[in-house]
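> Chains H and A, in that order, are what the protein sequence lines are.
No gaps in the numbering here: position 71 of the first sequence is 71 in our numbering, and each next residue is one more.
No gaps in the numbering here: position 148 of the second sequence is 148 in our numbering, and each next residue is one more.
Ideal Cβ placement from N, Cα and C applies to all residues, glycine included.
On a predicted model such as this, the values are computed, not experimentally measured, just so you know.
Number of protein chains: 2
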Amino acid sequence: MNYPNKKVVSNSKPIIYSNRGMNLEDDINITNKYYLENDIAIIYKKPTPIKVVKVDYNNRINTKIKEAYYEIPSTTDYNGIYKGKYIDFDAKETRSKTSFPLSNIHAHQIRHLISVERHGGISFLIISFVVLNEVYLLETRYIKEFIDNNERKSIPYEYIKTHGYLLRQNYYPRIEYIEILDNIINKYNKKGGSNNEKVN
Amino acid sequence: MNYPNKKVVSNSKPIIYSNRGMNLEDDINITNKYYLENDIAIIYKKPTPIKVVKVDYNNRINTKIKEAYYEIPSTTDYNGIYKGKYIDFDAKETRSKTSFPLSNIHAHQIRHLISVERHGGISFLIISFVVLNEVYLLETRYIKEFIDNNERKSIPYEYIKTHGYLLRQNYYPRIEYIEILDNIINKYNKKGGSNNEKVN
């Protein structure tokens, strides 16, 4: 399995960011650090799952792993808490200007996001259109709606623009997604129901 | 750092479980699997954080990690969602019959649990007294209360018995902690406040 090196293997061109020096994962980690330091939200990236095969126990000070392999994550990369709510999401980049290929995300990860929403959590994808320098938050319900009603293997940019939220990009925090969660929480609170109901 | 091998280094005697063949972590993983399969709760163990130093890119089928080291986790081992609530906990074993040594948990992990509770989540420790074959759920507020009011570096068994919940042990699920979360949610709902208020 080549999971964390997929980018290296499938895309030999270096990725150039228009006005940022980092990739989406770094930006989100920095954003989460800001939210944590300011006691706004507690959201962490989960460690990459690694299957350890051989360990050198002789080195007592710092156990050395001599053979290990990357595993496919069971869930998404990020989760945590904001205003008492369970938050769960994954962050994906695409160089396409016209659509987000669903091949970027594992089917079991989409099932996980849908399950979280059904249990009353807030789940979504953060999708970065690298070439356009636009980052969107798309709630799981709209991903599910798209998949349920389309044969296409990629979500068109226009669909994401219509149903998602364009995220503000700053220096610190980099990607302002928490303010959008306020919108989402208020939206479902106003409807008086749980956030399992679809709202347009 | 020797973190995941601490047990091996500090305790050379094999751990014998009175009527179970597995350790606490396995039991909780199996319990979480039960909750997941029955769509009761979505709770996962986070992967152990590992710092990868050398990778063999030649093996295209299955990238081999040739040098890596265990890192101290930033947070706790388990988190997820139950009835819309953010759940966060760690699980610890002790062979002591009289107390739970606080050295079993990192100070920053306790701070994390306290922070989660302040943000409206449900956080706790699952403490297994291996020799007694008793497993308790102790809410973070009582851990904090103990630390704030005591110089002792271990929480007495009697304190845990008084303020914690004894968990039922079965074959599947192994450690029934979700039914206790119902108690906790109801307790704070009845009080009409957020679950940040201490209830005795």
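Rounding to the nearest angstrom, what Cα-Cα distance links residue 126 of chain H and residue 22 of chain A in this structure?
Going by the C-alpha atoms only, they are around 39 Å apart.
> Does the CB of residue 178 of chain A have a neighbour CB from chain H at under 9 Å?
Answer no: the Cβ-Cβ gap between residue 178 of chain A and chain H never drops below 9 Å.
> Can you check the stretch 113-189 of chain A for any beta strand (DSSP E) of at least 3 residues that lies completely inside it and give the ranges in chain order?
As far as the stretch 113-189 of chain A is concerned, its whole beta strand (DSSP E) runs of at least 3 residues are 122-129, 134-139, 154-156.
> Looking only at its chain, what residues have a beta carbon closer than 7 Å to the beta carbon of residue 66 of chain A, apart from the 5 residues adjacent to it on each side?
Answer for residue 66 of chain A: 54, 55, 56, listed in chain order.
> Which residues of chain A have a Cβ atom closer than 7 Å to the Cβ of residue 187 of chain H, listed in chain order?
Near residue 187 of chain H there are no residues of chain A at all, since even the closest Cβ is about 16 Å away, more than 7 Å.
> Mind checking residue 160 of chain A: buried by the 16 CB within 10 Å criterion, or exposed?
Result: buried.
> Could you check whether the Cβ of residue 184 of chain H sits closer than 9 Å to any Cβ belonging to chain A?
Not an interface residue.
> Do residue 77 of chain A and residue 25 of chain A come within 9 Å of each other at the CB atom, strictly closer than that value?
Yes. Within cutoff.
> Take residue 185 of chain A and list the residues in its own chain whose beta-carbon comes closer than 8 Å to its own, dropping the five residues that flank it on each side.
Counting only Cβ-Cβ distances below 8 Å, and skipping sequence neighbours, we find 83, 85, 122, 195.
> Chain A beta carbons: is any one of them nearer than 9 Å to that of residue 112 of chain H?
Cβ-Cβ to chain A under 9 Å: yes for residue 112 of chain H.
> Using a threshold of 9 Å, state whether the C-beta atoms of residue 135 of chain A and residue 97 of chain A are closer than that.
It is not a contact, given that the beta carbons lie outside the stated cut-off.
> What is the rounded straight-line gap between the Cα of residue 166 of chain A and the Cα of residue 149 of chain H?
Going from the Cα of residue 166 of chain A to the Cα of residue 149 of chain H covers about 48 Å.
> Any C-beta of chain A sitting closer than 9 Å to the C-beta of residue 181 of chain H?
No, because no Cβ of chain A sits closer than 9 Å to the Cβ of residue 181 of chain H.
> Against residue 135 of chain A, what residues of chain H qualify as contacts under a CB-to-CB distance less than 9 Å, listed in chain order?
Going along chain H, no residue has its Cβ under 9 Å from residue 135 of chain A, so there is no contact; the nearest lies around 24 Å.
> Within the 9 Å Cβ cut-off, does residue 119 of chain H reach chain A?
Cβ-Cβ to chain A under 9 Å: yes for residue 119 of chain H.
> For residue 32 of chain H, count neighbouring Cβ atoms within 10 angstroms of its own Cβ and tell me buried if that reaches 16, exposed if not.
With 16 or more other Cβ atoms within 10 Å, it is buried.
> By the DSSP assignment, the alpha helix (DSSP H) with residue 34 of chain A in it spans what residues?
Unbroken alpha helix (DSSP H) run through residue 34 of chain A: 24-37.
> Give the interface partners of residue 48 of chain H over in chain A, defined as CB-CB distance under 7 Å, in chain order.
Residues of chain A passing the Cβ test: 47.
> Excluding the five sequence neighbours on either side, which residues of its own chain have a C-beta within less than 6 Å of the C-beta of residue 144 of chain A, listed in chain order?
Cβ within range, chain order: 114.
> Does DSSP put residue 110 of chain H in a helix, in a strand, or in coil?
Correct three-state label for residue 110 of chain H: helix.
> Any Cβ of chain H within less than 9 Å of the Cβ of residue 190 of chain A?
No, its Cβ sits nowhere closer than 9 Å to a Cβ of chain H.
> Which of helix, strand or coil does DSSP assign to residue 79 of chain H?
Residue state, collapsed to three classes: strand.
> Taking only beta-carbon atoms, is residue 74 of chain H less than 9 Å away from chain A?
Interface residue, yes.
> Can you give the beta carbon distance from residue 171 of chain H to residue 34 of chain H, rounded, assuming they're within the 8 Å contact cut?
Contact flag wrong, Cβ pair sits at about 10 Å.
> Which bits of chain H does residue 42 of chain A rub up against, with CB to CB less than 9 Å?
Within chain H, the residues near residue 42 of chain A are 75, 86, 88, 112, 115, 116, 119, 121.
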